[in-house]
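Counting from 27, one number per residue, gives the positions in the sequence shown under the numbering used here.
Glycine is no exception: its CB is placed at the ideal position from the N, C-alpha and C atoms.
To start, the structure under review is shown below, and the notes come after it.
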Amino acid sequence: MMDVIGSRFTEYGFPLHEDNDVIPDDDTTLFVCSGMQKLKNRFANPDGRTYGSVQSCIRTNDLDLVGDGSHLTFFQMIGNFSFGTNDYGRSVRMWRLILEDLGIKDYIVHYHPTRPDHRALWDGCDLVEDPECTWTDGEIGGECCEIYVDGLEIGNLVNTLGHSTDVGFGLERLIQVLSGKKRVDDTELFDGSMDPVVRDHVRTLKVMRNNRVQPGNKGREYVCRRLLRRTLRLTPYIPGMDDWVRPELELLDKRLNTARKLWRKHQGKPHEWWWDTCGILPEELDLCKT
Numbered sequence: 027m028m029d030v031i032g033s034r035f036t037e038y039g040f041p042l043h044e045d046n047d048v049i050p051d052d053d054t055t056l057f058v059c060s061g062m063q064k065l066k067n068r069f070a071n072p073d074g075r076t077y078g079s080v081q082s083c084i085r086t087n088d089l090d091l092v093g094d095g096s097h098l099t100f101f102q103m104i105g106n107f108s109f110g111t112n113d114y115g116r117s118v119r120m121w122r123l124i125l126e127d128l129g130i131k132d133y134i135v136h137y138h139p140t141r142p143d144h145r146a147l148w149d150g151c152d153l154v155e156d157p158e159c160t161w162t163d164g165e166i167g168g169e170c171c172e173i174y175v176d177g178l179e180i181g182n183l184v185n186t187l188g189h190s191t192d193v194g195f196g197l198e199r200l201i202q203v204l205s206g207k208k209r210v211d212d213t214e215l216f217d218g219s220m221d222p223v224v225r226d227h228v229r230t231l232k233v234m235r236n237n238r239v240q241p242g243n244k245g246r247e248y249v250c251r252r253l254l255r256r257t258l259r260l261t262p263y264i265p266g267m268d269d270w271v272r273p274e275l276e277l278l279d280k281r282l283n284t285a286r287k288l289w290r291k292h293q294g295k296p297h298e299w300w301w302d303t304c305g306i307l308p309e310e311l312d313l314c315k316t
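Written as structure tokens, this is what we have:
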């Protein structure tokens, strides 16, 4: 699959780079959560260049949806970008060829009703007018076209700020479609012997460790600790991560002992108090009652 995509990227002038660093260049998020995040300055100060990437991302705001067959905490985005060249149509033509090369034919394109020019680029495809076809990271965005296969969004092509292009296709979701699987976590990328939620979280924890993020009490380290604790509530064994598991279980046991002594007197305290006082997460409070 990547050979096909890489060949088209080269043909259309988008040099492809692999970026496994999930630590962002700014402080707007704790982890890189989109393909364009590290490129925001280039959109704001366009230089007429182009870029292609396979960007590793971590997104933890959908934790409760992990395991539903389509959501992941760690994922990779295949993207191509242009900065100020206003060549959105060129990217659409390239991706139409890529989808054809990969044998993905039965896809549906959603487009914004104010952009008949976008609609025209997908002539011959199944089209749906959708007023929600806009994308922004909170600062930079624009109208977009979204690509769906059997109800699953596999890609998004954004006409950023009206002068640039931000395209992102989910690597794992493309593999799911090509594999004919109903679940994104049933593909060759995942250990089929694990519970779906556990294998997702373990995959993400290993990426965090590879990026030198350790379990801690603040910032991204807190996110790491919370994900580790969440995983340990599902299984006491995480392959290849005993150096994290054993100390965390010992620490949790000590913190729970402290919290249980305080529970009767302070059970009405807010979640923040329990974390600041005992290092107990909201989802662990029930363990303090025993």
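Locate the alpha helix (DSSP H) running through residue i, then write down its first and last residues.
i, result
"Q202", "197-205"
"S33", "28-37"
"V145", "In the sequence under discussion, the amino acid at residue 145 is Arg, which differs from the Val named in the question. R145 -> alpha helix (DSSP H) spans 142-147."
In its own chain, which residues sit with a C-beta less than 6 Å from the C-beta of residue i, not counting the 5 before and 5 after it?
i, result
"G305", "R281"
"D211", "P222"
"L91", "H97"
"D88", "H97"
"R229", "F100"
"M234", "C250"
"M120", "R34, Y38"
Using three-state DSSP, classify residue i as helix, strand or coil.
i, result
"N67", "helix"
"M103", "strand"
"H189", "coil"
"L98", "coil"
"T303", "helix"
"D45", "strand"
"V154", "strand"
"W121", "helix"
"G110", "coil"
"G115", "helix"
"P296", "coil"
"L215", "coil"
"D51", "coil"
"D221", "coil"
Mind checking who residue i pairs with in its DSSP beta bridge?
i, result
"I173", "V135, G181"
"G194", "G105, N182"
"G167", "T162"
What span of residues does the beta strand (DSSP E) with residue i cover, start to end?
i, result
"G78", "76-84"
"W161", "160-162"
Does the beta carbon of residue i come closer than 8 Å to any beta carbon on chain C?
i, result
"G150", "Chain labels in this structure do not include chain C; a single protein chain is all it has."
Once you ignore the five residues that flank residue i on each side, which residues in its own chain have a CB closer than 7 Å to its CB?
i, result
"L147", "G115, V118"
"L307", "R252, R255, W301"
"F109", "R68, F69, P72, D73, G74, R75, S190"
"C159", "H136, Y137, H138, E169, C170, C171, E172"
For residue i, which residues in the same chain have their Cβ closer than 8 Å to its Cβ, ignoring the five residues on either side in sequence?
i, result
"Y248", "G242"
Unbroken alpha helix (DSSP H) runs of length 4 or more, entirely within the segment 264-293: which are they? The segment 264-293 contains these whole alpha helix (DSSP H) runs: 268-292.
Kindly provide the ranges of any beta strand (DSSP E) runs that are 3 or more residues long and lie completely inside the segment 230-269, ordered along the chain. As far as the segment 230-269 is concerned, it has no whole beta strand (DSSP E) run of at least 3 residues.
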